[in-house]
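To start, the structure under review is shown below, and the notes come after it.
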Amino acid sequence: MFSLRALSIKRKLTLIIMTASSVALLLVSAGFVAYELVTSRQTMLRDLSTLAQIIGNQSTAALTYQDKAAAEEILRALSVKQHIEAAAIYKGNSLFARYPADVPAAHLFPPHPEPAGSHFERDRLTLFRTIFLEGEPIGTVYLKSDLAETHQRLQRYAGIIVLFMVASWLITYLLSVWLQRIISAPIFHLAQTAKAVSTAKNYSLRAHKRAEDELGQLIDGFNEMLTQIQQRDAALQQANDDLEKRVAERTRDLEWAYNELRRTQATIMQQERLKALGQMASGIAHDINNALSPVVGFADLLARSEPSLSQNGSKFLRYIKTAGEDIAHIVARLRNFYRRRDEREALAPVRLNHLVEQVIDMTRPRWRDIPQGRGIMVEVRSDLDAALPEIAGIESEVREALTNLILNAVDAVPTGGNITLRTRVASAECAPLFLSPARPAPEHGQKERGALQPTHVVLEVADTGIGMDDKTRERCLEPFFSTKGQRGTGLGLAMVYGVMERHEGKIEIQSELGKGTTVLLVFPIRSAPSVTAPGTGSTPAPTGLHVLCIDDEPLLRELLKELMESDGHQVVVADGGQAGLEAFRDAQRRGQPFDVVITDLGMPHLDGRQVAKA
């Protein structure tokens, strides 16, 4: 169904122009036709009146003398007028003469004359005019004319008007197509720009103004609107970008915090497990030590007190003593795994770089001479920070820990490889390069805080060996856990862990199966307190002392008594804390106080510390 709303602006403008021009042409043509019709009728009426006047003047004599033939002769002169259909002269109320005479009177002529006047019928004009003679009416002239000539003239005018209107419509259409662009082109351009902006969401586009009229003002308003939308869109986009950055930063912080929490939990769980294992190992070591001490002590005492032993007996006794000392060494290492540093234990400055070079030289036979004898090449490299500060610690323990790490690294490269020792400083405020993944760095453009001060020293031992899987890496710090079979005791890394705990440091092990292992020892940077060097003089051991020995282990009591009595001391033994106190007080009452009291710390009911306080 035709609808003006569906038409484009071009067609609407063309239709408006064509309609307006057509209406104007129709109105003008209708006016012209109406004017021509009225003018034609007036002209025809005037001509017909003149003709009736002439006929009336010429027929006065015929009417006066009753000359009908003369009257008809006058009327026959109208034959030259093609538009005259009928003419008659009435005398009184009767028909006197008529034209044409051969047509029955009833068909063309009224029976009686009508009053003077004229009237137009559908396609005819009839006229009655009175004939006067000297002011007296003597008859009436009747004329009847068709309007064919007028109609023909009007038809010609109508044809001319139609041709004119068609030509005008064609010219008007061409002009409207050309002129409507003045209005439609800016509107169409504006619509295309709006569509492009809507489709591409590109608010930087602008419509081009072509005139300073209302359309130009409309385009200016549209461009201003786009400018405001672009500014708001840019502000909104900036806000969204900032929000996304903040969300991304918070997400990174949360991920880092979550990973750090999981890592801390895993570390705490491992520390608790190692602590429990250490406590158990310490208890086992204590019991083994108590059982082993009499064996070694009595073997030594037997060797001194019985010089007459056979050669084989002396040899077997030495074997017993050596085996016992080896077990004692293992027990000492086991106790060192959990041993807490006594706050009174002196710390000394430790130069890690010097210690690394020293341990490399000490272990050279293990990583160079022995492997080379088997055709295996192991290379040990060092990458040391020349500006590395000193740390406060116990040099012997750090040396033993580093020695264990190098020997473990040598065992990890059975077919040859590289071992690298590095030292460097690190800051706890920056993204830690040890113990945990790096904290997300701040976005570019944020203010940097002051230069970060180093707070830790990192000692790294890396090898290119066989590496460890995750399960092995998680358990490698546990005492007695070893992947070396009978070649290892499983106490090396446990001892290193104990050393780092006593130095308030951390140990991290990074390893990948088939690619090698990296062990990081992280020491806090702190100054060692000044320690007064002990005197070099020696004091002779006293003899003949009155000694009280308190221990709940019978063999240890007997061993201590035999050893001290062999040195000339008088020894009294007690099997527990309460018995020792009673012996001590009894000696004081008798006036024979003890010079020295030796007591075991771990005893039931009343331990050594409680005895000392009492």
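Residue numbering for the sequence shown follows our numbering, starting at 2 and increasing by one per position. Built from N, CA and C at the ideal position, the CB exists for glycine as well.
Check	Outcome
Which whole-angstrom value is the C-beta distance of Val-414 and Gly-466, which I expect to be below 8 Å?	4 Å
Can you list, in chain order, the residues of its chain with a C-beta nearer than 8 Å to that of Leu-49? Leave out the 5 residues immediately preceding and following it.	Ser-119, Leu-126, Leu-128, Leu-144, Ser-146
Please confirm whether Leu-26 and Ser-169 have their CB atoms less than 8 Å apart.	yes
Within this structure, are the beta carbons of Arg-503 and Glu-398 separated by less than 8 Å?	yes
Please state the DSSP three-state secondary structure of Gln-571.	strand
With DSSP run on the structure shown, which of helix, strand or coil describes Lys-485?	coil
With 16 as the cutoff for other CB atoms within 10 Å, does Ser-512 come out buried or exposed?	buried
For a quick check, are the C-beta atoms of Leu-14 and Ile-184 less than 8 Å apart?	yes
Helix or strand or just coil, what does DSSP make of Ser-383?	strand
Skipping 5 residues on each side, what residues in its chain have a beta carbon closer than 6 Å to that of Leu-556?	Pro-295
So, helix, strand or coil for Phe-524, using DSSP?	strand
Quick one, which of Arg-154, Gly-417, Pro-390, Glu-391 has its alpha-carbon nearest Arg-375's?	Gly-417
How long is the line joining the alpha carbons of Asp-587 and Gly-581, rounded to whole angstroms?	10 Å
Just the Cα atoms here: how many angstroms apart are Lys-448 and Glu-479?	For Lys-448, the pLDDT reaches just 41, beneath the cut-off of 50, and the residue's location in the model is therefore unreliable, although a value from the coordinates is still provided. Cα to Cα, Lys-448 sits roughly 45 Å from Glu-479.
Just verifying my parser: in three-state terms, what is the DSSP assignment at Asp-412?	helix
Let's test the definition: count the other Cβ atoms within 10 Å of the Cβ of Asn-409 and tell me whether it reaches 16, buried, or not, exposed.	buried
Exposed or buried, what is Arg-378 when buried is set at 16 or more other beta-carbons lying within 10 Å of its beta-carbon?	First, the residue type needs correcting, since residue 378 is Met and not Arg in the sequence shown. Exposed is the call here.
Between which two residues does the alpha helix (DSSP H) holding Thr-162 run?	Checking the sequence, you will find Ile at residue 162 rather than Thr. It spans 149-180 - the alpha helix (DSSP H) in which Ile-162 sits, taken as one unbroken run.
So, helix, strand or coil for Val-104, using DSSP?	coil
Evaluate the contact criterion for the region 90-104 versus the region 17-33: three or more CB pairs, one atom per stretch, below 8 Å.	no
How far does the beta strand (DSSP E) with Tyr-66 in it extend, from its first residue to its last?	It is not in any beta strand (DSSP E) - Tyr-66 carries neither H nor E in the DSSP assignment.
The beta strand (DSSP E) with Tyr-91 in it runs from where to where?	85-92
Determine the extent of the alpha helix (DSSP H) in which Ser-22 is found, giving its start and end residues.	10-59
Which residue wins for smallest C-alpha separation from Leu-546, given the options Glu-391, Phe-595, Ala-463, Arg-610?	Phe-595
Taking Arg-60 as the reference, which of Ala-89, Ile-321, Glu-566 has the closest Cα?	According to the sequence displayed, residue 60 carries Ser and not Arg. Per the Cα distances, Ala-89.
Between the Cα of Ala-102 and those of Gln-83, Phe-121, Lys-69, spot the shortest distance and give me the residue it belongs to.	Lys-69
Using the Cα positions of Tyr-158 and Glu-86, report the straight-line distance between them to the nearest angstrom.	25 Å
Pull up the distance between the alpha-carbon of Leu-522 and that of Ile-395, whole angstroms please.	14 Å
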